[in-house]
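Be aware that the sequence shown starts at -10, since it is given in my numbering, and climbs by one per residue.
Idealized CB from N, CA, C, for every residue including glycine.
None of the values given here were measured: they were computed from a predicted structure.
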Amino acid sequence: MRLGKSKLDITPPQGVDMCGYARKGRKAKGIHDPLYVRAIVFEEGERKCAILSCDLVGIPPELVREVREYARINLGIEREHVLISATHTHSGPTVSVIRGMGEPLPSYMKDLREKVKEALKEADKDYREVKMKVGRGKVKVGINRRERTKEGVKLGLNPEGPLDEELGLISFWKEDEEPEVFLVNYACHPVSLGINFEISADYPGKLCSLMEKKYPNSLCLFLQGCCGDINPYSKERGFSLTERMAKELFEEVERVRKHSEPLRDMDIKGLILPVKLPLDGLPSREELKKEKRELEKKIEKAKEEEMGILEAHLDWIERALKEEKGKERFIPAEIQILSLGSVALVGIPGEVFSEIGMRIKRGSPFPYTFVIGYANGCYGYIPTREAFKEGGYEVEEAYKYYGIYPFREDVGEVVVDCALKGLKKIKEGRNE
């Protein structure tokens, strides 16, 4: 197998709107650490495959389409062999319209599109012969955040809730045992900084910088997992927590690295499966109008820091009141499967709950399966059926920022079924 790699700076300028929290006027006042797009292209036989990781909150679907088309026309990489993921940092720029989280800066977005394509182009030039290793370990820097209280489920800490502690590691090495690339898959929301006003890649960026510092000629890509209901293990927020999380992850990556299994079969296969993510209905017009009146009263008395959430909610109500009733609705999305011999990567465009990711891993026919959230776009939270019954932010509120309609309670099962069918299909060689 031959592999090429590249890394380009995608840090936005000061003053851009920041994304991750509905906070009015949250503009970047400084740069704590740079943001990067990291890209690898590997080639086995006549097939090429590309994986990109961006220090962003999400990847706009139109950017995915543009990059895949560029790769197909200019680099000979088929669209089903191009996976673009976001680390989901909450201290980066706004790159798509999400209610209450500012507006993308057009000049930055133009530069971002060119940088992502350039990273892919540069990776396609710098090929080295490599061998591949894979391993997994366990580390607990995250915790289920759906805390159960007398008032219902709140964002907090729930030590009893589902948590995927698995850390997946795919590494590529030159014949002289010098490392070329590390792909790290782990699930935890990058919110260690809270509502901060400095651009930062959060703990994924710090982890990658630690790896690249220890192995100066290497590249580390963080592939965010199914962290929809997972936050850092502490309520503390700040750069000291970021450093601590990255250090613990780094130590586990090093442990797994030493015990990783070499792979001889590195056959590349790719598959994109269309999936209809089912949407539920809206409250009645009477309920929406009542909610609007109550919200307008709150806005009259609200503090400045509360206005982002309230205005986003009001905009959602006004849009919802214009919707026609009675139609069956869904979001047309895609789930991507990439296999490298005995290793499978599953890319899902959403904030997927950890239990859903674990179900996919358990049901996969591959010895190693790593599930990537925020892959090739993001259409909102994908909770379990159980979470829909319990309520809480991810079920009752978050969809109002992403769109208009909530997902139906079986959306998680739809995703699991689609992913498992795709894994089975590609394992049986029916991906052509």
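Check whether the Cβ atoms of residue i and residue j sit closer than 9 angstroms, and answer yes or no.
| i | j | result |
| --- | --- | --- |
| D44 | G194 | yes |
| D191 | H302 | no |
| K413 | E169 | no |
| G131 | N185 | no |
| K106 | Y59 | yes |
| E323 | V245 | no |
| P50 | N365 | yes |
| R15 | M90 | yes |
| N206 | E250 | no |
| I257 | G65 | no |
| K236 | L208 | no |
| L101 | V30 | no |
| I188 | G19 | yes |
| L262 | C38 | no |
| V341 | S353 | no |
| E300 | I288 | yes |
| V173 | M(-10) | no |
| I345 | I371 | yes |
| G183 | R117 | no |
| R135 | A376 | yes |
| E155 | K350 | yes |
Please name the residue or residues paired with residue i in a DSSP beta bridge.
| i | result |
| --- | --- |
| P328 | In the sequence as presented, Pro is not what sits at residue 328; that position holds Ser. S328 is bridged to K258, A333. |
| D(-2) | Y25 |
| R137 | V142 |
| V123 | I159, E250 |
| M98 | Its beta-bridge partners do not exist; DSSP assigns none. |
| E118 | R(-9) |
| L266 | I320 |
| D6 | K16 |
| G422 | Nothing about residue 422 can be reported from this structure: the residues present for the chain run from -10 to 421 only. |
Since I believe residue j is in contact with residue i (beta carbons under 8 angstroms), could you give me their beta-carbon distance rounded to a whole number of angstroms?
| i | j | result |
| --- | --- | --- |
| F355 | G157 | Contact doesn't hold; Cβ gap of about 12 angstroms is too wide. |
| V242 | F171 | 7 angstroms |
| I326 | G411 | 4 angstroms |
| G150 | G362 | Not a contact, Cβ separation roughly 17 angstroms. |
| K104 | I(-1) | 5 angstroms |
| G339 | G369 | 6 angstroms |
| M234 | S181 | 6 angstroms |
Would you tell me roughly how many angstroms separate the C-alpha atoms of residue i and residue j, rounded to the nearest one?
| i | j | result |
| --- | --- | --- |
| R308 | I393 | 7 angstroms |
| K416 | R274 | 48 angstroms |
| L24 | V71 | 21 angstroms |
| K203 | G259 | 32 angstroms |
| R137 | K143 | 6 angstroms |
| L238 | I87 | 30 angstroms |
| N133 | Y222 | 8 angstroms |
| P267 | K378 | 17 angstroms |
| G4 | D22 | 15 angstroms |
| L252 | Y357 | 11 angstroms |
| V53 | D113 | 18 angstroms |
| E240 | K316 | 51 angstroms |
| A176 | D153 | 7 angstroms |
| H178 | H77 | 7 angstroms |
| R282 | M296 | 16 angstroms |
| G47 | D254 | 32 angstroms |
| L196 | K279 | 48 angstroms |
| C8 | C367 | 14 angstroms |
| E402 | G270 | 18 angstroms |
| F211 | S42 | 7 angstroms |
| R27 | E201 | 12 angstroms |
| N63 | E111 | 12 angstroms |
| G145 | V404 | 26 angstroms |
| S328 | L(-8) | 16 angstroms |
| S229 | K286 | 40 angstroms |
| P82 | A11 | 13 angstroms |
| D115 | R125 | 28 angstroms |
| V56 | K163 | 28 angstroms |
| R398 | D165 | It is Glu, not Arg, that sits at residue 398 in the sequence shown. E398 and D165: Cα-Cα distance of roughly 51 angstroms. |
| L409 | E69 | 17 angstroms |
| K389 | I306 | 9 angstroms |
| R318 | S160 | 41 angstroms |
| P272 | K224 | 34 angstroms |
| K247 | P395 | 44 angstroms |
| L(-3) | P148 | 38 angstroms |
Is residue i near the ligand ATP, going by C-beta to nearest heavy atom under 8 angstroms?
| i | result |
| --- | --- |
| T0 | This structure lacks the ligand ATP; in fact it carries no ligand of any kind. |
Does any residue of chain C have a CB that is nearer than 9 angstroms to the CB of residue i?
| i | result |
| --- | --- |
| I48 | The chain labelled as chain C is not found in the depicted structure, where only one protein chain is given. |
Exercise for the section: May I have a chain-ordered list of the alpha helix (DSSP H) segments no shorter than 4 residues that lie completely inside the segment 159 to 230? Expected result: Listed in chain order, they are 191 to 203.
Practice task
Report the residue ranges of all beta strand (DSSP E) runs contained in full by the segment 268 to 342; include only those spanning at least 3 residues, in chain order.
Solution key: As far as the segment 268 to 342 is concerned, its whole beta strand (DSSP E) runs of at least 3 residues are 319 to 329, 332 to 336.
Practice task
Within the segment 19 to 92, note down every full alpha helix (DSSP H) run reaching 4 residues or more, in order along the chain.
Solution key: When DSSP assignments are scanned along the segment 19 to 92, the uninterrupted stretches of alpha helix (DSSP H) that are 4 or more residues long and fall wholly within it turn out to be 50 to 59.
Practice task
Jot down the residue ranges of each uninterrupted alpha helix (DSSP H) in the segment 355 to 402, minimum 4 residues, whole runs only, in chain order.
Solution key: Within the segment 355 to 402, the complete alpha helix (DSSP H) runs of at least 4 residues fall at 374 to 379, 382 to 385, 388 to 391.
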